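The structure appears right after this line, and notes come after that.
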Amino acid sequence: MPSANLPFVRRSTAVAAAFGLAALAAFAGPQVADAAPAAKVTEPAALHWSTCPAGSDAPRGTYCSTLKVPLDYAKPDGRQIKLTLSIVGDANAPRTLVVNPGGPGESGIGTAQLVWSSLPQDVGAKYNVVSFDPRGVGASTPVSCGDTKKLIKHPAVPYTPSTDAQEQARLSVARKVAEQCDANGKGLLPYITTENAARDMDRIRTALHRDKLDYLGYSYGTRLGATYATLFPSHTGRMILDSVVDPTVTTYASQYEQDPALQHRTGQFFAWAAKKDATFHLGASAAKVSAAWDAVRKKLDAHPAGGRAGSAELDDLLASSMYTDLLWADVARAVSDYRRGDASALLGDTDQLAFGGVDPAQLAYNCVDDAWPRDWATWHKDTTAAAPKAPLYAWLNTWYSAPCAFWKAPTARPVKIGSAHVPPVLLLQAKDDPATPVEGARRMHQVLAGSRLVVAGGGNHGQYLFAGNTCMDRHGSRYLLTGQLPADDATCPATPAP
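Note that the numbering used here has the sequence shown beginning at 10, numbered continuously upward.
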């Protein structure tokens with residue numbers, strides 16, 4: 010589960026389930042500008058906005074275009090791959106806000122409409138919104154791992170292995186996933202990196218005829234935005250990084266930062282459910298809800314619901330609901346109904362999560378962006394050490410990332426984020442965010458000189474526009490309108506729990 014995305018784009022934990030573990034008119038868009046400032050870089054073609062690709066699930070009012078970019082920026086005139094972009098709003102708006110919803114590897118085609126329709130009227134009048142499927146994703150040139158659904162069996166083996174056979178079974182799946190990804194995506198995998206995606210964004214800026222890139226990135230999108238600002242500081246405009254990834258650790262290390270944060274957020278969920286015991290009947294204290302939850306997990310292991318939902322499927326459901334408390338009532342109700350003998354809601358939710366299979370692009374970015382231990386003994390030791398403080402999540406996170414231990418493509422040398430040349434940016438963060446813990450936001454604040462950090466109470470992942478927090482929305486909108494950061498770092502109260 011390293012990194013995540015804007016929760017209303019709903020990062021599917023079906024990725025984790027693979028390891029047991031988320032009237033048309035021509036649109037006159039912006040025309041081409043000068044080429045990006047790099048040696049021997051071919052000028053991008055003009056963007057022509059029209060219908061979005063079939064199957065992209067682009068909402069009505071969204072228009073799409075394509076852009077060719079180099080597969081390998083060391084060979085800019087070599088093989089070119091396709092990016093698919095989407096736009097919403099007035100093409101002649103004074104500014105363009107480029108948005109990334111996270112992931113890594115999350116499709117962005119629908120995000121432009123989602124963000125633009127959520128902007129305050131005065132901000133929406135000043136900006137059109139552009140998003141895109143990053144390289145390797147969806148309607149852009151995609152990576153593939155072939156048919157991985159045949160590797161997935163439900164009910165899955167429980168996350169925490171109680172026998173060596175259970176651990177070996179999961180390792181076998183992880184190896185097979187890595188092998189299939191290599192066999193199906195060998196020509197692309199070494200180039201599916203955050204650095205290359207950031208360079209793609211500068212091509213997008215050029216094609217949009219903008220001198221500077223105004224940007225809103227959520228979750229993993231904060232790493233992408235910070236990488237862009239580091240590589241292209243003179244082209245960085247107004248930038249909001251929301252739910253901030255730790256720029257100082259590897260993706261392998263970041264999962265061990267997530268583990269206790271997820272466990273802490275789950276404790277908050279149990280306490281919330283306890284206050285609503287009259288509705289859910291899970292217990293009148295957080296400890297009693299936790300005990301009831303453990304009992305349900307054990308029962309599902311002994312007798313999987315519908316023959317297909319065991320404790321791993323329930324753990325997937327719990328993990329997915331930690332991104333936003335708007336999901337808490339549905340999850341609590343599903344488990345409450347199951348305890349009363351009705352498994353329909355639980356099966357509906359777990360079946361939906363299990364449907365998607367492996368997310369090839371997310372694995373590609375995670376596994377190639379930086380180095381992973383290749384010795385499984387290291388993973389086992391580190392996860393065993395993490396489990397006492399995060400019993401529900403240590404092994405879940407490890408199995409989610411396990412194919413990276415066997416990945417065939419060479420890892421990249423990640424960009425060291427931050428420099429004296431990066432202009433000031435706005436960082437937005439929830440104090441108890443389980444996917445991107447607040448410590449990471451503070452470290453990003455340290456490496457991006459001049460940035461301002463605004464921390465909200467609560468733990469909802471993705472604050473600006475989507476958490477219902479008027480204080481956070483006010484900070485983000487004022488910055489987009491004026492370019493002025495808060496005078497100092499600030500705090501906001503939490504959005505009331507549902």
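Where a beta carbon is used, it is the ideal one built from N, C-alpha and C, also for glycine.
Keep in mind it's a predicted model, so treat the numbers as computed, not measured.
Below 9 Å between beta carbons: does that hold for Asp325 and Ala363? Yes. Within cutoff.
How many Å lie between Gln87 and Val78 at the Cα? In the sequence on display, residue 87 carries Gly and not Gln. Gly87 and Val78 have their alpha carbons spaced roughly 10 Å apart.
Could you say which of Asp81, Pro313, Ala262, Thr407 lies nearest to Tyr200 if we only look at CA atoms? Minimum Cα distance to Tyr200 is reached at Asp81.
With a Cβ-Cβ cutoff of 9 Å, do Thr93 and Ser153 count as a contact? Taking 9 Å as the Cβ cut-off, Thr93 and Ser153 do not qualify as a contacting pair.
Going by DSSP, what residue range makes up the alpha helix (DSSP H) through Thr239? Here the alpha helix (DSSP H) through Thr239 covers 229-240.
Quick check: what's the CA-CA separation for Ala396 versus Ala403? Between the C-alpha atoms of Ala396 and Ala403 there is a straight-line separation of about 5 Å.
If I'm right that Thr275 touches Asn469 with Cβ under 8 Å, what's the distance once you round it to whole angstroms? Taking 8 Å as the upper bound for CB-CB distance, Thr275 and Asn469 are not in contact here, some 14 Å apart.
Looking at chain C, is there any beta carbon in it that lies within less than 9 Å of the beta carbon of Tyr237? In the displayed structure, chain C is absent; only one protein chain is listed.
For Thr359, I'd like the list of residues in its chain whose CB is within less than 6 Å of its CB, leaving aside the five on either flank, ordered along the chain. If we look at Thr359 and ignore the five residues flanking it on each side, its Cβ neighbours are Ala318, Glu322, Leu326.
Let's test the definition: count the other Cβ atoms within 10 Å of the Cβ of Pro103 and tell me whether it reaches 16, buried, or not, exposed. Its Cβ having fewer than 16 others within 10 Å, Pro103 is exposed.
What does the alpha-carbon distance come out to for the pair Gly29 and Gln438? For Gly29, the pLDDT reaches just 33, beneath the cut-off of 50, and the residue's location in the model is therefore unreliable, leaving the point undetermined.
Anticipated Cβ contact below 8 Å, Ala503 with Thr202, distance rounded: No, Ala503 and Thr202 are not in contact; Cβ-Cβ is about 36 Å, not under 8 Å.
Residues near Leu233 by beta carbon distance below 7 Å, same chain, minus five either side: Correct list, in chain order: Asn109, Thr203, Ala206, Ala207, Gly226.
Kindly indicate which three-state DSSP category Ser140 falls into: helix, strand or coil? Ser140: strand per DSSP, three-state reduction.
Just how far apart, CA to CA, sit Ile426 and Ala174? Roughly 41 Å separates the two Cα atoms.
Does DSSP classify Ala44 as helix, strand or coil? For Ala44, the pLDDT reaches just 31, beneath the cut-off of 50, and the residue's location in the model is therefore unreliable, although a value from the coordinates is still provided. Looking at Ala44 - three-state DSSP - the assignment turns out to be coil, as it is neither helix nor strand.
What residue from Gln189, Gly467, Pro256 has the CA that sits closest to Phe415's CA? Closest option to Phe415, Cα to Cα, is Gln189.
Sort Pro369, Ala63, Pro170 by Cα distance to Pro151 and report the nearest one. Taking only the C-alpha atoms, the option nearest Pro151 is Pro369.
Which parts of the stretch 156-210 are runs of the alpha helix (DSSP H), unbroken and 4 residues or longer, counting only runs that do not cross its ends? Those alpha helix (DSSP H) runs which fall completely within the stretch 156-210 and span 4+ residues are 173-194.
With C-beta atoms as the reference, is Val146 less than 9 Å away from Ser116? Yes. Within cutoff.
At the level of alpha carbons, what is the spacing between Thr71 and Ile96? Distance from the CA of Thr71 to the CA of Ile96, rounded to the nearest whole angstrom, comes to 6 Å.
Inter-residue spacing [alpha-carbon to alpha-carbon] between Ala45 and Asp498: Here the model assigns Ala45 a pLDDT of 38, short of 50, so the residue's position is not dependable, and the following value carries that caveat. Going by the C-alpha atoms only, they are around 34 Å apart.
Can you tell me whether DSSP reads Ala439 as helix, strand or coil? Of the three classes helix, strand and coil, the one that applies to Ala439 here is strand, per DSSP.
Every unbroken alpha helix (DSSP H) inside the stretch 266-327 [4 residues or more]: Fully enclosed alpha helix (DSSP H) runs of 4 or longer: 286-289, 295-311.
Helix, strand or coil at Trp58 [DSSP, three-state]: Judged by DSSP in its simplified three-state form, Trp58 adopts strand.
Less than 9 Å between the beta carbons of Asp211 and His244, yes or no? Taking a C-beta distance under 9 Å as the contact criterion, Asp211 and His244 qualify as a contact pair.
State the DSSP-derived secondary structure class of Val78, mapped to helix, strand or coil. Three-state result, Val78: strand.
Among the candidates Ala411, Gly114, Leu271, whose CA atom is the shortest distance from the CA of Asp391? Per the Cα distances, Ala411.
Note down the Cα distance separating Ser126 from Leu489, rounded to an integer number of angstroms. Rounded to whole angstroms, the gap between the alpha carbons of Ser126 and Leu489 is 15 Å.
May I ask you to report which of helix, strand or coil DSSP gives Lys390? Helix, per DSSP.
Separation of Gly357 from Lys158, as counted between CA atoms: C-alpha separation (whole angstroms): 18 Å.
Give the DSSP-derived three-state secondary structure of Arg247 in the structure shown. The answer is strand: DSSP assigns Arg247 an E or B state.
Do Pro113 and Asn375 have their C-beta atoms closer together than 9 Å? Closer than 9 Å, so yes.
Would you grab the beta carbon distance between Val377 and Ala418 for me? Rounded to a whole angstrom, and I think it's under 8 Å. Val377 to Ala418, Cβ: 5 Å. Contact.
With 16 as the cutoff for other CB atoms within 10 Å, does Asn14 come out buried or exposed? By the 10 Å Cβ count, Asn14 comes out buried.
Cβ pair Pro505, Ala338 closer than 9 Å: Result no, Cβ atoms of Pro505 and Ala338 do not sit closer than 9 Å.
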